[in-house]
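Student:
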Amino acid sequence: MTIQAEGSATAVLDLYRRHLSRGRARLAEMTGGQVELSSHGAHVFGADGRRFLDCGGYGVFLLGHTHPAVVEAVVAQVRTHPMATRLLLEPVAAEAAAALAAVTPPGLNRTHFVNSGSEATEAAIKLARAHGKTRLISAVDGYHGKTTGALALTAKELYQAPFRPLLPEVTHVPYGDAAALAGVVGPDACVVLEPIQGEGGVNIPPDGYLTDVQRICRAQGAFFVLDEIQTGLGRLGRWWGADREAVTPDILLVGKGLSGGVVPVAAMVATDAAYAPFDRDPFLHTSTFAASPIAMAAALAAVRTITAENLVDRAAVLGQTLLDGLRAIAPALVTGIRGAGLLIGLETRDEHVAGAYMLELLDRGVLVNHSLNAHKVIRLTPPAILTDTDVTWLLTAFADASAAVKGLF
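Residue numbers for the sequence shown follow my numbering, so the first one is 617 and each next one is one higher.
1. Leaving aside the five residues before and after G657 along the sequence, list all residues of the same chain whose C-beta is less than 7 Å from its C-beta, in chain order.
2. What's the C-alpha gap between P784 and V829?
3. Can you look up S875 in the DSSP assignment and give me helix, strand or coil?
4. With burial defined as no fewer than 16 other Cβ atoms inside 10 Å of the residue's Cβ, what is the status of N926: buried or exposed?
5. Per the DSSP calculation, F729 is bridged to which residue(s)?
6. Out of T1003, L631 and V982, state which residue places its alpha-carbon closest to the alpha-carbon of G673.
7. From what residue to what residue does the beta strand (DSSP E) around A990 run?
8. If we count the other Cβ atoms within 10 Å of its Cβ and call it buried at 16 or more, is E645 buried or exposed?
9. Which of the three DSSP states, helix, strand or coil, is assigned to C833?
10. Whole beta strand (DSSP E) runs in the segment 644-686 with 3 or more residues, listed along the chain?
11. Please determine, among P998, G802 and G957, the residue with the shortest C-alpha to C-alpha distance to Q836.
12. Please report the distance separating the alpha-carbon of E815 from that of A755.
13. Could you tell me how far apart the beta carbons of G850 and V786 are, in whole angstroms, since I believe they sit closer than 8 Å?
14. Expressed to the nearest angstrom, what Euclidean distance is found between the alpha-carbon atoms of A627 and R980?
15. Look up R954 in the DSSP assignment and say whether it is helix, strand or coil.
16. Taking all protein chains shown into account, decide if D895 is buried (16 or more other Cβ within 10 angstroms of its Cβ) or exposed.
17. To which residues of the same chain is P790 closer than 6 Å at the C-beta, ignoring the five residues directly before and after it?
18. Note down, in chain order, each residue of its chain lying with its Cβ closer than 6 Å to the Cβ of A946, except the 5 sequence neighbours on either side.
19. Which one of G662, H986, V881 and P811 has the shortest CA to CA distance from A625?
20. Compare the Cα-Cα distances from R831 to each of V807, G817 and Q813 and report the closest residue.
21. By how many angstroms is the C-alpha of V933 removed from the C-alpha of A1019?
22. Enumerate, from N- to C-terminal direction, the unbroken beta strand (DSSP E) stretches of 3 or more residues contained entirely within the segment 756-831.
23. I'd like to confirm the pairing. Which residues does DSSP put opposite E967 in its beta bridges?
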């Protein structure tokens, strides 16, 4: 019997220590050494048959796990043509690009598919440089990935320090401060920002911020890249964070939810003018597995399913229900609850309280994430398919966890 079938936590931990990561194994031991073997809808199932409510997943599972429409599309593609030669035209990629263009802000017509959010950021940096935009500007506490170029934008000393020197000419400005941005933008700049900072702790900028950013960039002739890898495709109760102020960046970064929770895929979507260098030379920036037919089948099915099941509106309604319920429960150790749609941040007194909350919620079968750039903020990114029973489960678990954590501090 294989370890996967057996589901032995001890055996899996041993393999992690020997072949993957000792640090990851230590973390798993702290959280009880749980092993996940299957998933469906809003739920993940452990090796011992235990069921978890997945309100984490780093924003990937807007459609939940193994959504039938996405799984069926991918399985059909696997059975017919899973990988492409890259010499001939492949129709599923064309359909996926058209579907994405149909739901992105007006003018964003050109798509470059990649395999991850970090790759989408890298593609944007390279496209900007092809236009002579060599100076990068991002926000403090922003998160854009951990590959070398993306890491230069991800303004966190913890992640940057071991890998310096990074890309030169990178400036970080306070998030939400348009005046500070205006002071450093010039015609050689590429500005990369999130409409709401996810890993930064669900930081929501003041009204008009994105409009000001777009105005500043256009006035200076700078590139404006909006990173919607976590916020896009309905997560915020809108198709895009850009829709809040009806802005159209030069480049939009898409990921996480584009996978449908089944196959990794991301994209850089650009205006015709911004995309021109890649348009002229299709081999200027390539990747062997980018736009694979199985990934394209997942992306196409994901966009179609979000539309067909009206999940954008569902995320808005469900998110408000959760915000109201969580705020009604929150004790003094939770210093703030904020969010938009199904991106919700619970700010605690300190990172020790946040860690205790995560463990107490795990004990009650609820999976959440910490914020990589704000360790005292617990982040909830539940699927838009939660049932009333799931909502009750989450709120009850939070209330019980709050009582338990209060007793610890």
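Virtual Cβ for every residue (Gly too), placed ideally from N, Cα, C.
Tutor: Let me spell this out:
1. Beyond the five residues adjoining it in sequence on each side, G657 comes within less than 7 Å, by CB distance, of G680, H681 and I1001 in the same chain, given in chain order.
2. Rounded to the nearest angstrom, the two C-alpha atoms are 22 Å apart.
3. Note: S875 maps to helix in three-state DSSP.
4. Counting Cβ neighbours within 10 Å, N926 comes out exposed, since fewer than 16 surround it.
5. F729 is bridged to A883.
6. Nearest neighbour of G673 by Cα position, chosen from T1003, L631 and V982, turns out to be V982.
7. From DSSP, the beta strand (DSSP E) with A990 extends over A990 to L996.
8. Exposed, by the Cβ-count rule.
9. Helix at C833.
10. With a minimum length of 3 residues, the unbroken runs of beta strand (DSSP E) contained wholly in the segment 644-686 fall at 652-656, 659-662 and 667-670.
11. Of the candidates P998, G802 and G957, the residue whose Cα lies closest to the Cα of Q836 is G802.
12. Here the alpha carbon of E815 sits roughly 12 Å from the alpha carbon of A755.
13. No, G850 and V786 are not in contact; Cβ-Cβ is about 31 Å, not under 8 Å.
14. The alpha-carbon atoms of A627 and R980 are separated by roughly 25 Å.
15. Assigned with DSSP and collapsed to three states, R954 falls in strand.
16. Exposed, by the Cβ-count rule.
17. The residues are V756 and A796.
18. Answer for A946: I953, listed in chain order.
19. Here the closest residue by C-alpha is G662.
20. Measuring C-alpha to C-alpha distances from R831 to each of V807, G817 and Q813 identifies V807 as the nearest.
21. When the Cα atoms are used, A1019 and V933 turn out to be separated by approximately 27 Å.
22. Complete beta strand (DSSP E) runs here, min 3: 786-789 and 805-809.
23. Paired residue(s): none; E967 is not in a bridge.
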